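Some notes on the structure that comes next.
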Amino acid sequence: METLKFTFRIIKKRPLRSLLTVLQVALGVWIVAVILSLNFGFAGRLADINENFGKSLARINISKYGEYQGVRVMVDVTNNLRYGDLARLREGRYIEDAFIMEDLWSQTIVVDNVAYTVMSAVEASAEYAEALGLQLLEGQFFTEADVEQKNRVVLLSEPVARQLWPNQSALGKTINLVGFDETRTPFQVIGVFKSLPALLDLFVTQANLIYPLESTRVLSPDADYEPVYRNIYIKAAQGRIYEAVEEASVLLADRAVEDLTVNAQYVQESNSYLLDQMDMMNFILGAFAFIAVLVSAIGILSIMLVSVVERTREVGLRQALGASKASIVAQILNESLVFSLTGSVLGVIAAYLTSSSLIGTLMQEGLYAQFDGGIEPSAALVAVVVAVAMGQLFGLYPAWQAARMAPVEALREG
Numbered sequence: 110m111e112t113l114k115f116t117f118r119i120i121k122k123r124p125l126r127s128l129l130t131v132l133q134v135a136l137g138v139w140i141v142a143v144i145l146s147l148n149f150g151f152a153g154r155l156a157d158i159n160e161n162f163g164k165s166l167a168r169i170n171i172s173k174y175g176e177y178q179g180v181r182v183m184v185d186v187t188n189n190l191r192y193g194d195l196a197r198l199r200e201g202r203y204i205e206d207a208f209i210m211e212d213l214w215s216q217t218i219v220v221d222n223v224a225y226t227v228m229s230a231v232e233a234s235a236e237y238a239e240a241l242g243l244q245l246l247e248g249q250f251f252t253e254a255d256v257e258q259k260n261r262v263v264l265l266s267e268p269v270a271r272q273l274w275p276n277q278s279a280l281g282k283t284i285n286l287v288g289f290d291e292t293r294t295p296f297q298v299i300g301v302f303k304s305l306p307a308l309l310d311l312f313v314t315q316a317n318l319i320y321p322l323e324s325t326r327v328l329s330p331d332a333d334y335e336p337v338y339r340n341i342y343i344k345a346a347q348g349r350i351y352e353a354v355e356e357a358s359v360l361l362a363d364r365a366v367e368d369l370t371v372n373a374q375y376v377q378e379s380n381s382y383l384l385d386q387m388d389m390m391n392f393i394l395g396a397f398a399f400i401a402v403l404v405s406a407i408g409i410l411s412i413m414l415v416s417v418v419e420r421t422r423e424v425g426l427r428q429a430l431g432a433s434k435a436s437i438v439a440q441i442l443n444e445s446l447v448f449s450l451t452g453s454v455l456g457v458i459a460a461y462l463t464s465s466s467l468i469g470t471l472m473q474e475g476l477y478a479q480f481d482g483g484i485e486p487s488a489a490l491v492a493v494v495v496a497v498a499m500g501q502l503f504g505l506y507p508a509w510q511a512a513r514m515a516p517v518e519a520l521r522e523g
């Protein structure tokens, strides 16, 4: 305790230099904590998706294959699936459910004579909600009867509902969908849902509006046709997705005519793309984190060396009065520890305050726009441990230099 008090007195004598050293450490901890939070948060969410959907969800389509430089490759995905195929697929032993989802991209809606452009709308069959575990915050999902009758009902994501009707329920409200000819068709809000995990978006569209299948097509001049679809999603019993895909290939064999083939994509395959992108980003950001930690450690080394030189006489006097080499080393390392811990606390506070916005910006610019996250406790802990360890490691040399001084020479030089 006395050694620690003495260390604080030494730091007080050189406040500006001490402050700069602390800020240097804080900068390193801040960068490391933010980067590790991004990495840990991303990996954790991806693991959750793989656990919930990786072995139970697949996308089925009818694909056309050709040859390129002697290799068989997929050249096109056809619109050759029908609504009736859902019932056929549910006959499979391993297929628990099947649904169709069609992207509508952005749409213009009018509420209280104010026009809004809503990004990412979909039409879906009634099985969509149960198959994906969609969490309803209000109301209910539409039924198979709503799909067959093309009822004009809609579900909104929570952010859209809050934007349109803040501080009140959206249930029973009406939105007007603007058609190709600028006509407005009313749709009644029957539910509000919590958005699906953002990282699932490469496989299943992150929708803000969900309509019954084909219910918006009445606005199109070409509404009179037998609907055909590009994809059908199947949900299998947990761990049985490959068997379910085999069943789907047999049940939909009549759709794969001539040179067409029943093809499947899996959640884990889409996640492998994300992992590749994340690995590249981690490599780049990791280099910055390493440099930040190294600069912080060198800063501690420099300040400790200068401190030892300035206190040569003091060190010699302490040794002459009987201080052991171990106590001299402990004093220098304590000073380094104070710098490391103080800088770590400031760095963690800065990471806590800024990590959410920084991670969102990094993902939007470099990989994934809809990922958000804050500081991860494990990331903050690792950053602090690394900073303290590096501080102690780089403080060893100055401490050793101080301890090996001969008392007489130290007093003479001082």
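Going by our numbering, the sequence shown opens with residue 110, and the numbers climb by one from there. All C-beta atoms, glycine included, are put in the ideal place defined by N, C-alpha and C. All of these numbers come straight from a predicted model, not from anything done at the bench.
- Inter-residue distance for Met210 and Leu322 is about 8 angstroms (C-alpha atoms, whole angstroms).
- Shown here, Trp274 sits in coil according to DSSP, grouped into three states, outside any helix or strand.
- Under the three-pair Cβ rule at 8 angstroms, the region 233-251 counts as touching the region 298-307.
- Gly348 and Leu446 have their C-alpha atoms spaced approximately 50 angstroms apart.
- Between Pro295 and Ala224, the alpha-carbon positions lie close to 13 angstroms from each other.
- Looking at Asp363, Val263, Gly150, Asn159, the one whose alpha-carbon comes closest to that of Ile171 is Asp363.
- For Arg293, the enclosing beta strand (DSSP E) begins and ends at 293-303.
- Put simply, the region 392-399 touches the region 138-149. At least three CB pairs are less than 8 angstroms apart.
- Note on geometry: alpha-carbon atoms of Ala233 and Ala345 lie some 18 angstroms from one another.
- Met499 places its beta carbon less than 8 angstroms from that of Val402.
- Rounded to the nearest angstrom, the Cβ distance from Val457 to Val494 is 12 angstroms, too far for a contact under 8 angstroms.
- Distances from the alpha-carbon of Phe208 to those of Val227, Tyr237, Leu442 put Tyr237 closest.
- In this structure, Gly201 sits near Leu360, with a CB-CB distance shorter than 8 angstroms.
- For Ser358, there is no enclosing beta strand (DSSP E); the residue is found in the alpha helix (DSSP H) stretching over 350-360.
- Sixteen is the threshold: since fewer than 16 other Cβ atoms of the shown chains lie within 10 Å of the Cβ of Asp385, the residue is exposed.
- For the pair Val256 and Val298, the CB atoms are not nearer than the 8 angstroms cut-off.
- Linking Asn285 to Tyr320 through their CA atoms gives a straight-line distance of about 13 angstroms.
- Around the Cβ of Thr314, a 10 Å sphere holds 16 or more other Cβ atoms; the residue is buried.
- Inter-residue distance for Leu125 and Val131 is about 10 angstroms (C-alpha atoms, whole angstroms).
- Taking a C-beta distance under 8 angstroms as the contact criterion, Ala353 and Tyr192 do not qualify as a contact pair.
- Secondary structure of Ser215 (DSSP, three-state): strand.
- Contact between Phe162 and Leu309 holds, with the beta-carbon distance rounding to 7 angstroms and staying under 8 angstroms.
- Taking every protein chain shown into account, the CB of Met387 has 16 or more other CB atoms within 10 angstroms, so this residue is buried.
- Considering only Leu195, Glu247, Gln272, the residue with the shortest C-alpha distance to Glu253 is Leu195.
- For Phe208, the enclosing beta strand (DSSP E) covers residues 204-208.
- Cβ atoms of Ser229 and Asn317 come within 8 angstroms of each other, at about 5 angstroms.
- By the Cβ-count criterion, Ser215 is exposed, with fewer than 16 other Cβ atoms from all chains shown falling within 10 Å of its own Cβ.
- Per DSSP, Val223 is one residue of the beta strand (DSSP E) stretching across 223-233.
- Within a 10 Å sphere around the beta-carbon of Gln440 sit 16 or more other beta-carbons, which makes this residue buried.
- In the structure shown, the three-state DSSP call for Glu239 is helix.
- In this structure, the beta-carbon distance from Ala365 to Ile169 does not fall below 8 angstroms.
- Look at Leu145 here: in three-state DSSP terms it is helix.
- Bounds of any beta strand (DSSP E) do not take in Leu195; it lies within the alpha helix (DSSP H) bounded by 194-198.
- Asp221 counts as exposed, since fewer than 16 other beta carbons sit within 10 angstroms of its beta carbon.
- Taking C-beta separations shorter than 6 angstroms and ignoring five residues to either side along the sequence, the partners of Ala489 in its chain run Ala142, Val457, following chain order.
- Contact between Ser449 and Val134 holds, with the beta-carbon distance rounding to 6 angstroms and staying under 8 angstroms.
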